[in-house]
Structures are given as structure tokens and as C-alpha cells.
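A.B. asks: Using this note's numbering, you'd call the opening residue of the sequence shown number 730 and step up by one each time. For glycine and all other residues, C-beta sits at the position ideal for the given N, C-alpha and C. Could you have a look at this structure, given as C-alpha cells, before my questions?
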Amino acid sequence: MKTKEVQEQYNQYVLPTYTRVSMCIVKAKGLKVWDIEGKEYLDFFSGWAVSGLGHCHPAVVNAIKNQIRKVIHIPNNFYGIKQGQLAEKIIQHSFPGRVFFCNSGAEANEGAIKFARRYGSLSGRYEIVTMKNSFHGRTLGALAATAQEKYQKGFNPLLEGFKYVQLNDFEALQKVVSDKTVAIILEPIQGEGGVNIADVDYIKRLRTFCDDRKILLIFDEVQTGMGRTGYWFAFQHYGIEPDLMTLAKSLANGVPIGALVVNRRIKEEVLVAGTHASTFGGNPLATAAGLAVFKAIEEGGLLTRAKEMGEYLRAGLEKIKQKHPAVIKEIRGMGLMLGVELHVPGSDIVNRAREAGLLINCTQDKVLRIIPAMTITKRQADQGLDILDQVLASV
Ligand SMILES: Cc1ncc(COP(=O)(O)O)c(C=O)c1O
């Protein structure tokens, strides 16, 4: 089969909800990806930050193989071994609490919104504040939380009760919070929004502000979680704990999974039996993969590596910036979640990089996203930086 034939099949049978590039991926290993024509690429994108350990990491592959031989799915009205173990791992590495498992980031955020609504129903509150340029997913609740008009357009009426403010603007936040406010949701680093980092001071003030008013502080760590920023979770950069945290993406390194983590500091029993569910949520396959991810990060020292390689890549990008000041405006990020803000639109650069064998992404028109796996080597980093340098020289 050739890419063209695959494309024709998609054109006929798959709803055109994605803007796709003309490339069909058939194999991937570590940071390498191969297309159907046999061309090799270096992956600095990790499938929207999903393959945090790199593609087909042996620990994950073995865990999946072993689990498949035993049982793939069990209904959530029975117990399985892996779900409890993965929940324990998440809690050990985040904060005392409990976990609800689902299958995606949007679904985890739906769970957080439902939690907030039900928690608020105890005191007649339902409003949720989220940040402009946020991204929380495409289901209707998550979409209402996603404060970007381009995603919401055409889907009115949205779930009501959402208010939007600029990230890091504490005064603006104070103005929109009312006696109906029950929760504030934010990404510690806005990924899709352009790699915008929440300030430490802002988050600390927000924590106290929420504590004083019994407002839930919800961190969407769907993209930042599981080591990418150099800590297990990005909230750990801020010296605070969120009340709720959502995870997905690299939690099982490619096996669909999502998680809502609820801090024990919330004393009320909110999502009790019968209030929320997900058929596939936390099934043996996904949770076995998730456990393998934790083990691989722990045993491979990958948090340190994410920090070190993040600094290495960042230094390399700064050098490229000096060479191309007319193209690159700013480099920002934490660990291996890096953004390169450009003076020019980035789609052409992304296309040229891909043609030259490097996969990257551009968001918000002018921000290149560099989010390689935590297993990246210096050689691979140099290789990717070289390609980017050459592409920028040709712009
Ligand atoms: C921060 C954040 N939250 C939620 C989502 C939605 O996740 P999913 O596509 O798995 O529903 C994304 C996806 O990019 C995300 O980056």
C-alpha cells in the first residue's frame, strides 16, 4: 500500500475532522518513526506528547503482552489487580488522594467538571473559571472549559457557568470570581495555547485564594504530567498541591487512558457509587501499561534526564535563535516541553522540517512545539537541532 491509497480510503470512510499531512506511519521505535514508503523521521513531537518514553518502549510492550495473555477487560463492578496498583503509584508520586480512571484527557476533565458541579451543589455553587488560550478537550464540558473561540464555534449552547480570564492575571481572576464560583481550572503550562507558563507567584496566590473561599483548584496535567517537565507532575514546580488533577497522554505511553486524581484535602465524599463511570476506565491493559511507564521512569532516572535534556535542547535552541533573530522571537518551556515563538507563521517550517526528517508541531500559528520523549539522547537532540537550523536558514 502507498500513502495515496490510504488517503483515498480515509477520504471515503473516515470523517474529515483532522487536518492531516500526507504521511502514513507504519512503524515507530524510540524517537524514530517510519512512513509507509520507508522514510525515517526523528520524532520531536511524540504524538501530541503521548509517547513520553519513546515509541514501543520495551517495558510497555512486555507489560501489554503479559497482560493480554491473562485478561484484557474486566467490568468496573469487579476488582482487578492493576487498577489499584496504578492508582497507588499515581498517589505515591503526587499527593494523598484517590483516582478515577477513564480513557482520555477530555474524559478526565469531564470527570473534574462533574466533580466540581457536585461538590458545588452542596453549597449552591456551579461556576467554573478557566484560562484564555486553554485547551481541555473536545467533549462538551471540556469544550466549555476550553477558552478558545475557534474550538467552540458552532457548538452553542455550550455547558453554562464558565468564565474566562487571562493566565497569570490575578486581578482579572478576582473580578470574575463570585459567590457562585466552585472551581478554577488551569494548565500549569498551556500546551496547545502556545507553551505559556503559569507564574510561581500567581499559582501560590491562587492556592491561598481558593483555600479561603473553598474553591477547588484543578490542574489539567494531561500534557505536563508524567515527567515531561522534569518533575512527575508540573504542580511540583510550584510548592503547592492542587485539589484535583487530570492526567492522560503519556500515562500509559500510547494505550488510551485518562485519570482524575482527587486530593484527600477535599473531605467531602463527592463522586460516590453511581455518580460517575466509564466502561473501559482503568482496564487491565491500560493500567498494566501505566504501571510499566512508572517503573521505566523510576528505573531509568528519566525525570533527571528530562531536566538535563530539556536544558541541553534549550541551549541548542538559544544558539539557533542567535543565528536566526529575524525568525525566532523567544524560547520558553520547562524540561522537555519547549516552545519556540516565531516572528513568522510556523506551518511552513513544520512542513520543511518533516521533509527533512524531523517531526515537530506548530500551535497558535507561531509557536513551534518541541516535545520529544524523555529517552532522547544528546545525539538525537543534536540531529534534530541541526535539521531545524538548516530549515530556518532556508526560510
Ligand atoms: C492540557 C490538555 N488537556 C486535555 C486534552 C484533551 O485530551 P484528549 O485529546 O485525550 O481528550 C489535551 C489534548 O491535547 C491537553 O493538551
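Does the Cβ of Gln952 lie closer than 7 Å to at least one heavy atom of ligand 1?
C.D. replies: Your numbering for residue 952 matches position 223 in the sequence shown. Checking every heavy atom of ligand 1 against the Cβ of Gln952, one is found closer than 7 Å.
A.B. asks: So who's on the other strand from Glu1070, going by DSSP bridges?
C.D. replies: As a working note, residue 1070 is residue 341 in the sequence shown. Partner(s): Glu1059, Val1096.
A.B. asks: Quick check: Ala963 and Met1063, are their CB atoms within less than 8 Å of each other?
C.D. replies: Position 234 of the sequence shown holds residue 963. Position 334 of the sequence shown holds residue 1063. Yes; because the gap between Cβ atoms is below 8 Å, this pair is in contact.
A.B. asks: How would you write the range of the alpha helix (DSSP H) that Met1038 sits in, first residue to last?
C.D. replies: Residue 1038 sits at position 309 when you count from the first residue of the sequence shown. Following the DSSP letters along the chain, one finds Met1038 inside the alpha helix (DSSP H) bounded by residues 1031-1052.
A.B. asks: Using the three-state DSSP reduction, which class does Ala1017 fall into: helix, strand or coil?
C.D. replies: Here residue 1017 is taken as the residue at index 288 of the sequence shown, counted from 1. In this structure, Ala1017 counts as helix in the three-state DSSP scheme.
A.B. asks: His966: buried (16+ other C-beta within 10 angstroms of its C-beta) or exposed?
C.D. replies: For the purposes of this step, residue 966 is identified with residue 237 of the sequence shown, where counting begins at 1. His966 should be labelled buried.
A.B. asks: Looking at the unbroken beta strand (DSSP E) that takes in Trp763, where does it start and where does it end?
C.D. replies: Here residue 763 refers to the residue found at position 34 of the sequence shown. Per DSSP, Trp763 belongs to the beta strand (DSSP E) from 761-764.
A.B. asks: How would you call Tyr742, buried or exposed, if buried means at least 16 neighbouring beta carbons within 10 angstroms?
C.D. replies: Locating residue 742 in the sequence shown gives position 13, where the first residue counts as 1. Per the 10 Å Cβ criterion, exposed.
A.B. asks: Is the beta carbon of Val735 less than 8 Å from the beta carbon of Arg1083?
C.D. replies: On the sequence shown, residue 735 is found 6 positions in, with the first residue counted as 1. On the sequence shown, residue 1083 is found 354 positions in, with the first residue counted as 1. If you check the CB distance, Val735 and Arg1083 do not come in under 8 Å.
A.B. asks: Return the Cβ separation of Asn897 and Tyr931 in integer angstroms, given the expectation that the two are a contact with Cβ distance under 8 Å.
C.D. replies: Counted from its first residue, the sequence shown places residue 897 at position 168. Counted from its first residue, the sequence shown places residue 931 at position 202. About 5 Å; that satisfies the 8 Å criterion.
A.B. asks: Short check: CB of Ala1021 to CB of Ala788, under 8 Å?
C.D. replies: For this step, residue 1021 is matched to residue 292 along the sequence shown. For this step, residue 788 is matched to residue 59 along the sequence shown. Between Ala1021 and Ala788, the C-beta gap is smaller than 8 Å, which places the two residues in contact.
A.B. asks: From what residue to what residue does the beta strand (DSSP E) around Glu769 run?
C.D. replies: For the purposes of this step, residue 769 is identified with residue 40 of the sequence shown, where counting begins at 1. From DSSP, the beta strand (DSSP E) with Glu769 extends over 769-772.
A.B. asks: Mind checking which residues open and close the alpha helix (DSSP H) that includes Ala1110?
C.D. replies: The residue labelled residue 1110 in the question sits at position 381 within the sequence shown. Its alpha helix (DSSP H) spans residues 1107-1122.
A.B. asks: Should Gly1068 and Ile1116 be called a contact, given that it needs their Cβ atoms to be closer than 8 Å?
C.D. replies: Position 339 of the sequence shown, counted from the first residue, corresponds to residue 1068. Position 387 of the sequence shown, counted from the first residue, corresponds to residue 1116. In this structure, Ile1116 does not lie closer than 8 Å to Gly1068 by Cβ.
A.B. asks: Just to confirm before moving on: does the CB-CB distance between Arg957 and Ile1089 stay below 8 Å?
C.D. replies: What you label residue 957 is simply residue 228 of the sequence shown in a count that begins at 1. What you label residue 1089 is simply residue 360 of the sequence shown in a count that begins at 1. Cβ distance not < 8 Å, so Arg957 and Ile1089 don't count as in contact.
A.B. asks: Is Phe864 near ligand 1, judged by its Cβ being under 7 Å from some heavy atom?
C.D. replies: Position 135 of the sequence shown, counting from 1, holds the residue named residue 864. Yes.
A.B. asks: Within the continuous beta strand (DSSP E) that includes Leu872, where are the two ends?
C.D. replies: As a working mapping, residue 872 is identified with position 143 in the sequence shown. For Leu872, there is no enclosing beta strand (DSSP E); the enclosing alpha helix (DSSP H) has its first and last residue at 869-874.
A.B. asks: Counting C-beta neighbours from all protein chains within 10 Å, is the total for Leu1097 16 or more, i.e. buried, or is it exposed?
C.D. replies: Position 368 of the sequence shown, counted from the start, is the residue given in the question as residue 1097. So Leu1097 ends up on the buried side.
A.B. asks: Identify every residue that forms a DSSP beta bridge with Asp949.
C.D. replies: Start at 1 with the first residue of the sequence shown, and residue 949 comes out as number 220. DSSP lists Thr975 as partners of Asp949.
A.B. asks: With a cut-off of 8 Å, do at least 3 Cβ pairs link the stretch 1004-1011 to the stretch 1041-1055?
C.D. replies: no
A.B. asks: Beta-carbon separation of Leu989 and Ala873 under 8 Å?
C.D. replies: As a working note, residue 989 is residue 260 in the sequence shown. As a working note, residue 873 is residue 144 in the sequence shown. Against a cut-off of 8 Å, the Cβ pair of Ala873 and Leu989 comes out as no contact.
A.B. asks: Can you tell me whether DSSP reads Val991 as helix, strand or coil?
C.D. replies: Reading the sequence shown from its first residue, position 262 is the one you call residue 991. Here Val991 sits in strand by DSSP.
A.B. asks: Would you tell me roughly how many angstroms separate the C-alpha atoms of Glu916 and Lys892, rounded to the nearest one?
C.D. replies: As a first step, residue 916 must be located in the sequence shown, where it is residue number 187. As a first step, residue 892 must be located in the sequence shown, where it is residue number 163. When rounded, the distance between both Cα atoms is 15 Å.
A.B. asks: Using a threshold of 7 Å, is the CB atom of Glu921 nearer than that to any non-hydrogen atom of ligand 1?
C.D. replies: One-based indexing of the sequence shown puts residue 921 at position 192. The answer is yes for Glu921.
A.B. asks: With distance defined between alpha-carbon atoms, name the residue in Pro1013, Glu1028, Ile1078 nearest to Asn704.
C.D. replies: The chain is shown from 730 up to 1124; residue 704 falls before or after that span and cannot be answered.
A.B. asks: Taking 8 Å as the limit between beta carbons, can you name the residues of its chain near Val800, skipping five residues before and five after?
C.D. replies: By 1-based counting over the sequence shown, the position of residue 800 is 71. Excluding residues within five positions, the ones whose Cβ falls inside 8 Å are Gly809, Pro1013.
A.B. asks: Would Asn992 and Gly834 be called neighbours here (beta carbons separated by less than 8 Å)?
C.D. replies: For this step, residue 992 is matched to residue 263 along the sequence shown. For this step, residue 834 is matched to residue 105 along the sequence shown. No, these two residues do not count as a Cβ contact at 8 Å.
A.B. asks: Start and end of the beta strand (DSSP E) containing Gly826?
C.D. replies: Numbered from its first residue, the sequence shown carries residue 826 at position 97. Counting along the chain, the beta strand (DSSP E) containing Gly826 begins and ends at 826-831.
A.B. asks: Within 7 Å: the Cβ of Ala901 and any heavy atom of ligand 1?
C.D. replies: Residue 901 sits at position 172 when you count from the first residue of the sequence shown. Not under cutoff, so the answer is no.
A.B. asks: Return yes when the C-beta of Glu878 is under 7 Å from any heavy atom of ligand 1, and no when it is not.
C.D. replies: The sequence position of residue 878 within the sequence shown is 149, counting from 1. No - ligand 1 has no heavy atom lying nearer than 7 Å to the Cβ of Glu878.
A.B. asks: Under 8 Å between the Cβ atoms of Asn862 and Gln903?
C.D. replies: As a working mapping, residue 862 is identified with position 133 in the sequence shown. As a working mapping, residue 903 is identified with position 174 in the sequence shown. Cβ atoms of Asn862 and Gln903: not closer than 8 Å.
A.B. asks: Output needed for Val951: all residues of its chain with C-beta closer than 7 Å, excluding positions within five of it in sequence on either side, in chain order.
C.D. replies: The sequence position of residue 951 within the sequence shown is 222, counting from 1. Excluding sequence neighbours, Val951 sits near Gly834, Ala837, Thr975, Leu976, Ala977, Lys978.
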